[in-house]
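Here's the structure, in structure tokens; my notes come after.
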Amino acid sequence: MTQLLIRCLSICALLFPPLFLSACADVHQSADHHLSNDQELISSAPADAEDPDSDISTELEALRRAGNWSGSSNSSLNKNLFPDTNFSDFPIVINNQVQAYLELFQNQQKKSFAIWLSRSGKYLPMMQKELKDAGLPEDLAYLAMIESGYNQKAYSKANASGLWQFIPGTGSQYNLRMNKYIDERREAMKSTKAAVRFLSNLYDEFGDWHLAVAAYNAGPGKISKGLERYNVTDFWSLAENDYLAMETKRYVPKLIASIIIAKNPEKYGFKDVQLEEPYCYDTLEVGPGLTFDAAALISNCDRKTIDLLNPELCSNKTPLNQSTHQIKIPAGSKDIASKNLSRLHQIVSTDYKTHITSKGESIAQVCSRYDINTTTLLKVNNLRSPKLASGQRLRIPFQTVRYQLLAEGSNKAVAASAPQENIVLHQVKKGESVLQIARKYKVPVELITSWNNLPESGKINVGQKLSLYPDPKKSSQPAVEENLISASTPKDQKTYTPTILATQIKKLQTHDNVSKVTINSIQTVDNNKSKLSWYEVQDGDTLWTIAKEFKLSPIQIKQLNNLQSNVILPGKRLKIKDV
């Protein structure tokens, strides 16, 4: 019977994993609900993130030495260290664990706590207002102090992020967006509103703020089961049992000690702490892909200021997957930024870095590392073969963008026609199609498709990088027409049919490194019938464009030449027709 029961439980666990996982979880905010379709797990910390638990070993050792957990005061405590417990709207308890944290904050962790106090000036007014409006204790704002040290970019090993240290599942539950463009757990106002709702729900469930704070860390399921298992009704009685992890137990005394010191910092040795200015800003509605550099330029401030105001933006620019975004700019700068936005001019160019290949490294690995396609890597390095040698130096193109403000009344279209590098790395924005990109850079759609190995449908994704090779000399001209034929072609010239001539002229129009029609690139077998047999690939040619000009399909050309891929290199001779 026992084996049958175990078997049934195993089958249920496979069929209904969320039910079993949520019951077993014992991590920070453990109700880790599934993420919605437009969200993804954020598993990497920001480059300048702080780990809020970097000194946890010191805390845990101090708590071990403190002795038994109790909600009542120990007679040996120095009562002169403590104020009247009615000074806070959060329930204050004085015991060994609280004293342990008071001593830590005044000694080993004094430098860190001073930083937290300084940062509190920035966020406390906003947080306390949200808590007050919701009817919650305003001193719950100090929970963000012990969670993150009031650092919007705080990031823990459990993937918790932001001022209130939401893990992805709980963040999703409280409607915080998380994807490769934005992580609203790091947005001060939205994450605070989410934390207020979460804390309110926890208090509704437990009716006790100590238990609610413990559940904020361990998850409500863990706390509920503990209360039932040990037949207790308060946090301190539960903490006396060997049930909760010490990392969870510490949150309540740590919060109480933080409130005690923050309410009267000078009494505890924090006399020269300068509070940061309250969190305030203007917002400006802008389009996708506006970088922090551009926002700083139009707002007349430095880039670091924009970064500090917008830590939720993961790639230092506004999201590409939405048509508009309210970017934060310094308070008082909205008028000038709005005027400057219409004068903002983007100058896109291409620069190159060097990659030295390692032994056994393939061209596919190099392309994957730098997010470029094989055609681009071969082209910019003048390679005829995809095989790489150890120690080979490769040029890796990457897009650079700089900004300038045009003079008032200047013609932006004229300024935008300045020459660019021959290769452009274009990142697809929301709503863009291959046709729109082709019109912008004045190159045929088919070339974009071929350069980037796109499917025949031309489907592209937001954020995808496309390699383009526009002709800078033709940047202000319309795309080449398919039926372009020279009117001066001699009537007795039999070697070239009009279709062939159109091919050569188009090549001349599209690629500035082709200075003249290469008449030897096509060999004929029968001049009277102009049958074609061989064609030498020129710079900029693709399988698709060659097939189109000679009224063949790419598959036919691949079959005639035993090609295994669509990559063709300049100088290669292709068989065009059996003779």
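If you read the sequence shown in our numbering, its first letter stands for residue 59, the second for the next number, and so on.
Beta carbons: idealized from backbone N, C-alpha and C, even for Gly.
Note that the structure is a prediction, hence the values are computed from the model and not measured.
Sequence-distant residues of its chain with Cβ nearer than 6 Å to residue i (five each side left out)
| i | result |
| --- | --- |
| Ala273 | Leu260, Ile281 |
| Ala673 | Absent from the model: residue 673. The displayed extent of the chain is 59 to 637, so no value can be given. |
| Tyr301 | Gly284 |
| Glu343 | Thr382, Gln384 |
| Gln164 | Tyr326, Gly327 |
| Ala605 | Ser611, Pro612, Ile615 |
| His268 | Phe293, Val310 |
| Ile204 | Lys312, Leu313, Ser316 |
| Phe264 | Ala270 |
| Arg243 | Ser219, Gly220, Phe224, Gly229, Leu234, Ser249 |
| Pro336 | Pro183 |
Selected residue, minimal CA-CA separation from residue i, among the options
| i | options | result |
| --- | --- | --- |
| Lys251 | Met236, Glu263, Tyr232, His268 | Tyr232 |
| Tyr339 | Lys362, Ala389, Lys329, Thr306 | Ala389 |
| Phe328 | Tyr527, Gln157, Lys168 | Lys168 |
| Lys397 | Lys375, Ile356, Asn511, Glu419 | Ile356 |
| Trp127 | Arg308, Thr434, Glu286 | Arg308 |
| Glu245 | Phe163, Leu371, Ile615 | Leu371 |
| Leu402 | Val459, Asn511, Gly229 | Val459 |
| Phe456 | Leu505, Gly220, Leu621, Asn431 | Asn431 |
| Ala352 | Trp267, Val595, Ile387 | Ile387 |
| Ser115 | Leu160, Ile150, Gln157, Gln166 | Gln166 |
| Val438 | Ile481, Ala253, Phe256 | Ile481 |
| Ala192 | Lys180, Val254, Asn217 | Val254 |
| Leu121 | Met236, Val310, Ile225 | Val310 |
| Lys238 | Lys375, Val156, Leu269 | Lys375 |
| Ile314 | Ile634, Tyr159, Val503, Pro444 | Tyr159 |
| Lys180 | Met247, Ile240, Lys190 | Met247 |
| Ser373 | Asp360, Gly347, Lys362 | Gly347 |
| Arg235 | Arg631, Gln380, Leu366 | Gln380 |
| Pro183 | Gly279, Gln155, Leu333, Ala303 | Leu333 |
| Lys321 | Ala124, Glu607, Ile150 | Ile150 |
Cutoff 7 Å; reference residue i; Cβ partners in own chain excluding five residues on either side
| i | result |
| --- | --- |
| Val331 | Ala172, Leu175, Ser176, Pro323 |
| Val197 | One detail in the question is off: residue 197 reads as Asp in this sequence, not Val. Result list for Asp197: Ser146, Asp147, Phe148, Ile317, in chain order. |
| Met185 | Ala199, Ala202, Thr250 |
| Glu117 | Leu162, Arg308 |
| Asn519 | Val486 |
| Tyr499 | Val482, Leu526, Pro528 |
| Leu194 | Val254, Leu257, Ser258 |
| Lys633 | Ser591, Trp592, Leu618, Asn619 |
Alpha-carbon to alpha-carbon, residue j and residue i
| i | j | result |
| --- | --- | --- |
| Glu298 | Glu188 | 34 Å |
| Ser515 | Pro612 | 16 Å |
| Leu296 | Asn144 | 24 Å |
| Val595 | Val406 | 29 Å |
| Ala537 | Gln494 | Model confidence at Ala537 stands at a pLDDT of 31, short of 50, so the residue's coordinates are unreliable; what they give is reported in the following sentence. The alpha-carbon atoms of Ala537 and Gln494 are separated by roughly 12 Å. |
| Leu257 | Tyr410 | 51 Å |
| Ile421 | Ile615 | 25 Å |
| Leu436 | Glu419 | 15 Å |
| Gln562 | Ser230 | With a pLDDT of 34 at Gln562, under the threshold of 50, the predicted position of this residue should be treated as unreliable, and no value is reported. |
| Gly629 | Pro444 | 15 Å |
| Asp393 | Leu399 | 10 Å |
| Lys517 | Glu490 | 10 Å |
| Lys312 | Ser206 | 13 Å |
| Gly521 | Leu378 | 7 Å |
| Arg497 | Leu524 | 14 Å |
| Gln404 | Gln462 | 7 Å |
| Asp28 | Asn289 | Outside the shown range of the chain, which is 59 to 637, sits residue 28, and nothing can be said about it. |
Sheet register partners of residue i (DSSP bridge)
| i | result |
| --- | --- |
| Val406 | Val459 |
| Lys411 | Ile454 |
| Lys633 | Trp592 |
Beta-carbon proximity list for residue i, same chain, < 8 Å, skipping 5 on both sides
| i | result |
| --- | --- |
| Lys549 | Since pLDDT at Lys549 reaches only 33, below the 50 mark, its modelled position is unreliable, and the value read off the structure follows with that caveat. Counting only Cβ-Cβ distances below 8 Å, and skipping sequence neighbours, we find nothing. |
**Asked** Taking contact to mean at least 3 C-beta pairs separated by less than 8 Å, is the region 445-461 in contact with the region 410-417?
**Response** In short, these stretches touch, since the Cβ pair count reaches three.
**Message:** Quick check: the region 505-522 against the region 600-607, are at least 3 beta-carbon pairs closer than 8 Å?
**Reply:** Below 8 Å, enough C-beta pairs join the region 600-607 and the region 505-522 to call them touching: three or more.
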